[in-house]
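Asker: Input: one structure, supplied below.
Number of protein chains: 2
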Amino acid sequence: MISITIIGSGNVASHLITAFGNCKTISVKQVFSRAKIDFELPTNTKLIHNLAELKPVDLVIISVSDSAITEVSAQIKIPNQLVAHTSGSMDMNILDDSLRKAVFYPLQTFSKSKNINFSEVPIAVETQHENDMELLLTVANSLSAKVFKINSIQRKNIHIAAVYVNNFTNHLYKIANDIADEHQFPFEILLPLIDETTEKIHHLKPEDAQTGPAKRHDDVTINSHLQSINNKMYQDIYQLLTKSIQENG
Amino acid sequence: MISITIIGSGNVASHLITAFGNCKTISVKQVFSRAKIDFELPTNTKLIHNLAELKPVDLVIISVSDSAITEVSAQIKIPNQLVAHTSGSMDMNILDDSLRKAVFYPLQTFSKSKNINFSEVPIAVETQHENDMELLLTVANSLSAKVFKINSIQRKNIHIAAVYVNNFTNHLYKIANDIADEHQFPFEILLPLIDETTEKIHHLKPEDAQTGPAKRHDDVTINSHLQSINNKMYQDIYQLLTKSIQENG
Chain A
27 MISITIIGSG
37 NVASHLITAF
47 GNCKTISVKQ
57 VFSRAKIDFE
67 LPTNTKLIHN
77 LAELKPVDLV
87 IISVSDSAIT
97 EVSAQIKIPN
107 QLVAHTSGSM
117 DMNILDDSLR
127 KAVFYPLQTF
137 SKSKNINFSE
147 VPIAVETQHE
157 NDMELLLTVA
167 NSLSAKVFKI
177 NSIQRKNIHI
187 AAVYVNNFTN
197 HLYKIANDIA
207 DEHQFPFEIL
217 LPLIDETTEK
227 IHHLKPEDAQ
237 TGPAKRHDDV
247 TINSHLQSIN
257 NKMYQDIYQL
267 LTKSIQENG
Chain Y
27 MISITIIGSG
37 NVASHLITAF
47 GNCKTISVKQ
57 VFSRAKIDFE
67 LPTNTKLIHN
77 LAELKPVDLV
87 IISVSDSAIT
97 EVSAQIKIPN
107 QLVAHTSGSM
117 DMNILDDSLR
127 KAVFYPLQTF
137 SKSKNINFSE
147 VPIAVETQHE
157 NDMELLLTVA
167 NSLSAKVFKI
177 NSIQRKNIHI
187 AAVYVNNFTN
197 HLYKIANDIA
207 DEHQFPFEIL
217 LPLIDETTEK
227 IHHLKPEDAQ
237 TGPAKRHDDV
247 TINSHLQSIN
257 NKMYQDIYQL
267 LTKSIQENG
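Protein chains in written order, with the working numbering: chain A, 27 to 275; chain Y, 27 to 275.
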């Protein structure tokens, strides 16, 4: 049985706690949260509100906002404790030097209101010491079938790529939703197209899946679209992405 | 039995011909193609290479490039023939004035290499004459469960929205793929996140689904990302979309 403590109670932390709680090979010893928590803890897990109460475990996972990781790690007064953060964008080295450092980064978008099937969530792991890797891999494999050894530079770039495919893509959906509201057609009319766009890149390289006025240099349609878009920033986005499709493929 | 002729043999035309060929209530009389065709025609459908050979039918569908629609429609020498084009961006009125005008716009991204389940494809229909609407609706309903009466201005804006959610989203996938290649991690690591991003907006409004550094005004992460992006245009896209998330929600 591997013992784990989780520091944090946000989106990622709460999903991890629940997922580990369902693992027969993992015992979640303690959960630290500054405030009350709004989700259920596994049986036998102790909620603490003071980091001085932390007990040594096989692995402590810090799942707090990026800017708080270093400070929180400095409050873990268990020398040589193995500690992983869950951030996509922060270097492993920001953890306190008194600790054995690691990263446990689940690459998924989490909402508290929505359950996640963790077996499909890629997990990127990294350790400061080579002989901690086996434990990290065991813990990651207990949740997911898709575990990758990824160094800090790669992880940072995965996070950047994730911003494009998640945050920015979602914003394009928001723009489409605004256009639908303005012209009184249901946003739902676009869902099959959205699904198909996503489905396609499971089989085709994105550049081979590209179609539309930008790709075929259809300036008549492009200019006519630009004249119809009322939001200046949405117009700029249309123009820049059209140019990038034409120059980068 | 409703008789249809299709002018064109591109992506949209070929999928429509195949789908109508599988409809018991529709007979595809003729297909016009300038060149040889690389897909199978329904039994009893005649391939013609000269528009002078067109026979009167219940509905002629012109599925050619936007810039060719007007010219092709002028070559249909059957006065008062009901004729629909399939373009998302062109006005119904660009069809020749000797014809009864209509639009039959299937809102989906078509690739020749990939089959389409037409029952899930929204179809937007419009007619010049109110009493042609029933036939257009019957034809559209024979293919799809999602048929909408949509006027030309709405249709143009649906097409604009479709460019954002299809062409531009696909380009964001292409950017992520370039980042993956550059930093030697598999693009596949991003697929569960891409799927979840799409899945979410079936249940949440896009602005309620938004997360990430732009949304939480995390300038440290944003600046660190911008410094890591080598392609200047991808950097500009990151900056503009971040700004738009912050200003438009």
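The beta-carbon is built from N, C-alpha and C at its ideal position, and this holds for glycine as well.
Values in this document were obtained by computation on a predicted structure and should not be read as measured data.
Please tell me whether E97 (chain Y) has its Cβ less than 7 Å away from any Cβ of chain A.
Answerer: No, E97 (chain Y) does not count as interfacial toward chain A.
Asker: Of the residues that make up the segment 66-96 of chain A, which ones have a beta carbon closer than 8 Å to any beta carbon in chain Y?
Answerer: So the close ones are D92, S93.
Asker: Once DSSP output is grouped into helix, strand and coil, what is the label at A202 (chain A)?
Answerer: Note: A202 (chain A) maps to helix in three-state DSSP.
Asker: For the segment 109-122 of chain A, enumerate the residues whose C-beta is nearer than 8 Å to any C-beta of chain Y, in chain order.
Answerer: Cβ contacts with chain Y: S115.
Asker: Can you find the residues in the same chain that come closer than 8 Å, C-beta to C-beta, to Q236 (chain Y), ignoring five residues on each side of it along the sequence?
Answerer: Result list for Q236 (chain Y): I271, G275, in chain order.
Asker: Does the beta-carbon distance from P148 (chain A) to K172 (chain A) come in below 7 Å?
Answerer: Contact flag set, yes.
Asker: Can you check whether the CB of L230 (chain Y) is closer than 7 Å to the CB of V191 (chain A)?
Answerer: For V191 (chain A) and L230 (chain Y), no; Cβs fall outside 7 Å.
Asker: Have a look at Q180 (chain Y) and A202 (chain A) and give me their C-alpha separation to the nearest angstrom.
Answerer: In a straight line, the C-alpha of Q180 (chain Y) is about 13 Å away from that of A202 (chain A).
Asker: Using the Cα positions of N37 (chain A) and S40 (chain Y), report the straight-line distance between them to the nearest angstrom.
Answerer: Straight-line Cα distance between these residues: approximately 47 Å.
Asker: Enumerate in chain order the residues of its own chain whose CB-to-CB distance from K103 (chain A) is below 6 Å, with the five nearest sequence positions on each side excluded.
Answerer: Counting only Cβ-Cβ distances below 6 Å, and skipping sequence neighbours, we find nothing.
Asker: Can you confirm whether L162 (chain Y), when its beta carbon is compared against all beta carbons of chain A, has any partner nearer than 7 Å?
Answerer: False, the Cβ-Cβ gap to chain A never drops below 7 Å.
Asker: Do you know offhand how far A150 (chain Y)'s Cα is from I87 (chain A)'s?
Answerer: Near 51 Å, if we compare the C-alpha coordinates of I87 (chain A) and A150 (chain Y).
Asker: List, in order along the chain, the chain Y residues whose C-beta lies closer than 7 Å to that of L219 (chain A)?
Answerer: Near L219 (chain A) (Cβ distances below 7 Å), the residues of chain Y are L133, Q134, T135, A188, V191, N192.
Asker: Which residues in the same chain have their Cβ closer than 7 Å to the Cβ of I32 (chain Y), if we skip the five residues on either side of it in sequence?
Answerer: If we look at I32 (chain Y) and ignore the five residues flanking it on each side, its Cβ neighbours are A39, L42, I43, V54, V57, I87, S89.
Asker: Taking the straight line between their C-alpha atoms, what separation do you get for R242 (chain A) and T112 (chain A)?
Answerer: Rounded to whole angstroms, R242 (chain A) to T112 (chain A) spans 42 Å at the Cα level.
Asker: Taking 7 Å as the cut-off, decide whether the C-beta atoms of D84 (chain Y) and S29 (chain Y) are in contact.
Answerer: Yes, the pair counts as a contact, with Cβ atoms nearer than the cut-off.
Asker: Looking only at its own chain, which residues have a Cβ that is under 8 Å from the Cβ of L276 (chain Y), when we skip the five neighbours before and after it?
Answerer: Past the boundaries of the shown model lies residue 276 (chain Y); chain Y is included only from 27 to 275, so the question cannot be answered.
Asker: Can you find the residues in the same chain that come closer than 7 Å, C-beta to C-beta, to Q154 (chain A), ignoring five residues on each side of it along the sequence?
Answerer: Closer than 7 Å at the Cβ level, and outside the excluded window around Q154 (chain A), lie M118, R126, K127, A128.
Asker: Between the Cα of V292 (chain Y) and those of Y:N143, Y:D158, Y:L121, spot the shortest distance and give me the residue it belongs to.
Answerer: The structure shown does not extend to residue 292 (chain Y), since chain Y is modelled only from 27 to 275, so the question has no answer here.
Asker: With DSSP as the reference, label S35 (chain A) as helix, strand or coil.
Answerer: In the structure shown, S35 (chain A) sits in coil (DSSP, three-state: anything other than H, G, I, E or B).
Asker: Using the beta-carbon count (16 or more within 10 Å), is D204 (chain A) buried or exposed?
Answerer: Its Cβ being crowded by 16 or more others within 10 Å, D204 (chain A) is buried.
Asker: Quick one: which residues of the segment 235-266 of chain A get their C-beta closer than 8 Å to a C-beta of chain Y? List them in chain order.
Answerer: The segment 235-266 of chain A vs chain Y, Cβ under 8 Å: A235, Q236, T237, G238, P239, A240, K241, D244, V246, T247, S250, H251, S254, I255, N257, M259, Y260, D262, I263, Y264, L266.
Asker: Take E273 (chain Y) as the anchor and find which of A:M259, A:L266, A:K269, A:Y264 has the nearest alpha-carbon.
Answerer: The shortest C-alpha separation from E273 (chain Y) is found at A:M259.
Asker: Would you say S40 (chain Y) reaches chain A, if we count a Cβ-Cβ gap shorter than 7 Å as a contact?
Answerer: Chain A, which has no Cβ nearer than 7 Å to the Cβ of S40 (chain Y), makes this no.
Asker: Identify the continuous alpha helix (DSSP H) that holds T182 (chain A) and give its terminal residues.
Answerer: Reading off the sequence, residue 182 (chain A) comes out as Lys, not Thr. Segment 178-188, the alpha helix (DSSP H) holding K182 (chain A).
Asker: Expressed to the nearest angstrom, what Euclidean distance is found between the alpha-carbon atoms of F194 (chain A) and A240 (chain Y)?
Answerer: Distance between the alpha carbons of F194 (chain A) and A240 (chain Y): 9 Å.
Asker: Which class does F65 (chain Y) belong to by DSSP, given the choice of helix, strand or coil?
Answerer: If DSSP states are grouped into helix, strand and coil, F65 (chain Y) belongs with coil.
Asker: Should K226 (chain Y) be labelled buried (16 or more other beta-carbon atoms within 10 Å of its own) or exposed?
Answerer: Looking at its Cβ environment, which holds 16 or more other Cβ atoms inside 10 Å, K226 (chain Y) is buried.
Asker: Mind checking which residues open and close the beta strand (DSSP E) that includes S53 (chain Y)?
Answerer: Run containing S53 (chain Y): 52-58, per the beta strand (DSSP E) assignment.
Asker: Could you run through the segment 153-180 of chain A and flag, in chain order, every residue whose CB is less than 9 Å away from some CB of chain Y?
Answerer: The residues in question are K172, F174, I176, I179, Q180.
Asker: Can you list the residues of chain A that L198 (chain Y) reaches, using a CB-CB cut of under 9 Å?
Answerer: Going along chain A in sequence order, the residues near L198 (chain Y) (Cβ under 9 Å) are Y190, V191, F194, T195, L198, P232, L267.
Asker: Could you tell me if E152 (chain Y) is buried or exposed, where buried requires 16 or more neighbouring beta carbons within 10 angstroms of its beta carbon?
Answerer: Buried: at least 16 other Cβ atoms inside 10 Å.
Asker: Distance, Cα to Cα, F136 (chain A) vs F144 (chain A)?
Answerer: Taking the straight line from one Cα to the other gives about 11 Å.
Asker: Would you list, in sequence order, the uninterrupted beta strand (DSSP E) runs of no fewer than 3 residues that lie entirely inside the segment 204-241 of chain Y?
Answerer: The qualifying runs do not exist here; there are none.
Asker: For chain Y, check one thing: does any of its Cβ atoms lie closer than 7 Å to the Cβ of V129 (chain A)?
Answerer: Chain Y, which has no Cβ nearer than 7 Å to the Cβ of V129 (chain A), makes this no.
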